[in-house]
Amino acid sequence: AQSVAQPEDQVNVAEGNPLTVKCTYSVSGNPYLFWYVQYPNRGLQFLLKYITGDNLVKGSYGFEAEFNKSQTSFHLKKPSALVSDSALYFCAVRDMRSGNTPLVFGKGTRLSVIA
Amino acid sequence: KAGVTQTPRYLIKTRGQQVTLSCSPISGHRSVSWYQQTPGQGLQFLFEYFSETQRNKGNFPGRFSGRQFSNSRSEMNVSTLELGDSALYLCASSSGDSSYNEQFFGPGTRLTVL
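Those protein sequences? They're chains A and B, same order as listed. For the first sequence, the working numbering begins at 34 and goes up steadily by one. For the second sequence, the working numbering begins at 11 and goes up steadily by one.
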């Protein structure tokens, strides 16, 4: 069965500093990986995804993520954090080999960017 | 294009009642998924529909059911409500049949069971 782990419930970073939100996954085949962000009282917004190809994926709002197959990780990064990046971030995975399996989400990491 | 819409946005019910939530996907999207979001459990998958067929079902009791109509609109129903059903219910749509298509989420329906 596929699963996602986000080891940090909360990440605090100063504005202007680089940020990393961690995600590791487990699938039997190759993964499709996604990052979503949720602002208060809103649904989730898609940030970026990895399907195949280049391990560094660039997405919305200056975010990027690096796929690392040997470490089964897909960490979200941004070179310079903004206060407006404060939100709840979700990593999600689908097993490429298992046909139409549902998207499985991690429990989320709350990012707080301090001015 | 208009985004995913969910109605109602807020709902208050009492234990034992039933509730129906509605989701209208982005125009042209044929896949609709439902999730339950709670602070303790995160996002839990409920169902996925594609072209009126239930393609996947999560690990929820039979009190939770859903359907999709020919225009891709979807409804979910919860019968015999319990206090633990209080949650944000999110609907998401995607454009095709491929597992790598990203999902677009609605704002959710906040259900409170008293």
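We put the beta carbon where it would ideally sit given N, CA and C, even for glycine.
Proximity of residue i and residue j at Cβ, strictly below 8 Å
i	j	result
residue 21 of chain B	residue 121 of chain B	yes
residue 127 of chain A	residue 83 of chain A	no
residue 177 of chain B	residue 76 of chain B	The first residue shown for chain B is 11 and the last is 124, placing residue 177 of chain B beyond what the model contains.
residue 118 of chain B	residue 138 of chain A	no
residue 59 of chain B	residue 84 of chain B	yes
residue 37 of chain A	residue 124 of chain A	yes
residue 129 of chain A	residue 86 of chain A	no
residue 57 of chain B	residue 66 of chain B	yes
residue 144 of chain A	residue 118 of chain A	yes
Residues that residue i bridges to, as DSSP identifies them
i	result
residue 56 of chain A	None, per the DSSP bridge assignment.
residue 143 of chain A	A:43, A:121
residue 120 of chain B	B:20, B:98
residue 86 of chain B	B:31, B:76
residue 90 of chain A	A:98
residue 110 of chain A	A:53, A:97
residue 48 of chain B	B:52
Cβ distance (whole Å) where residue i is taken to contact residue j below 8 Å
i	j	result
residue 100 of chain B	residue 141 of chain A	Actually they do not touch by this definition, with Cβ atoms about 13 Å apart.
residue 109 of chain A	residue 120 of chain A	Actually they do not touch by this definition, with Cβ atoms about 12 Å apart.
residue 28 of chain B	residue 123 of chain B	The Cβ separation is near 11 Å, so there is no contact.
residue 147 of chain A	residue 34 of chain A	Incorrect: roughly 38 Å between the Cβ atoms, too far for contact.
residue 16 of chain B	residue 32 of chain B	7 Å
residue 100 of chain A	residue 80 of chain A	Their Cβ separation, rounded to whole angstroms, is 14 Å, which puts residue 100 of chain A and residue 80 of chain A out of contact at 8 Å.
Pick from the options that is closest to residue i, judged by C-alpha positions
i	options	result
residue 104 of chain A	A:121, A:58, A:51, A:124	A:58
residue 97 of chain B	B:47, B:108, B:57	B:47
residue 14 of chain B	B:23, B:43, B:24	B:43
residue 52 of chain A	A:62, A:41, A:61, A:129	A:41
residue 113 of chain B	B:80, B:90, B:39, B:56	B:39
residue 72 of chain B	B:78, B:86, B:79	B:86
residue 115 of chain B	A:118, A:70, A:117, A:107	A:70
residue 78 of chain A	A:88, A:93, A:135	A:93
Three-state secondary structure assigned by DSSP to residue i
i	result
residue 110 of chain B	coil
residue 83 of chain A	strand
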